[in-house]
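Read the structure below first, then the notes.
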Amino acid sequence: MIDPVAPDVLRASLRRALLGQTPAQLLQASIEADAGMQLVRVRFEFEGQPSEEAWESCSCAATEVISDFPAPWTIDETYLARSLATGLFPLAWVAYLRPGN
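Here it is in structure tokens:
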């Protein structure tokens with residue numbers, strides 16, 4: 001049986017969810033899970049304030065991620081506006097990092 005909170009599984013889930021819908025504004029996407037709380041956390045960090053389209057794309061990706069987990073797992077989504085000067089603050093596992101960053 002596959003461990004749904006294994007780092008490779010978490011990263012693969014988020015990468016798959018972002019395929020074909022990674023917004024240009026997205027700097028980084030990261031993920032972690034707390035098996036005890038049955039909670040998946042995803043963090044999307046954008047260059048500046050995300051457009052509505054960018055936010056919706058990442059929200060859809062988060063929905064795809066949580067669909068990989070059985071009930072009663074839940075998801076906590078965070079959307080952050082960043083500048084490259086302030087740096088990025090990933091969760092435990094980075095699934096996407098925009099090339100050049």
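The numbering of the sequence shown is full-length UniProt numbering, which starts it at 1 and goes up by one. Even for Gly, the Cβ is constructed at its ideal location relative to N, Cα and C. Please read all numbers here as calculations on a predicted model, not as lab measurements.
What does THR74 pair with, by DSSP beta-bridge criteria? LEU39
Identify the continuous beta strand (DSSP E) that holds VAL5 and give its terminal residues. Looking at the DSSP string, VAL5 is not in any beta strand (DSSP E), and its letter there is neither H nor E.
If I'm right that ARG38 touches THR63 with Cβ under 8 angstroms, what's the distance once you round it to whole angstroms? At residue 38 the sequence reads Gln, which differs from the Arg that was named. The pair is not a contact, with the Cβ atoms about 17 angstroms apart (cut-off 8 angstroms).
Rounding to the nearest angstrom, what Cα-Cα distance links ILE66 and GLU52 in this structure? 21 angstroms
GLU56 and LEU27 - do their beta-carbons sit closer together than 8 angstroms? no
Taking ARG43 and SER30 to be in contact with their CB atoms under 8 angstroms, please state how far apart those CB atoms are, rounded to whole angstroms. 5 angstroms
So, is LEU19 buried or exposed, given that buried needs 16 or more other C-beta atoms within 10 angstroms? exposed
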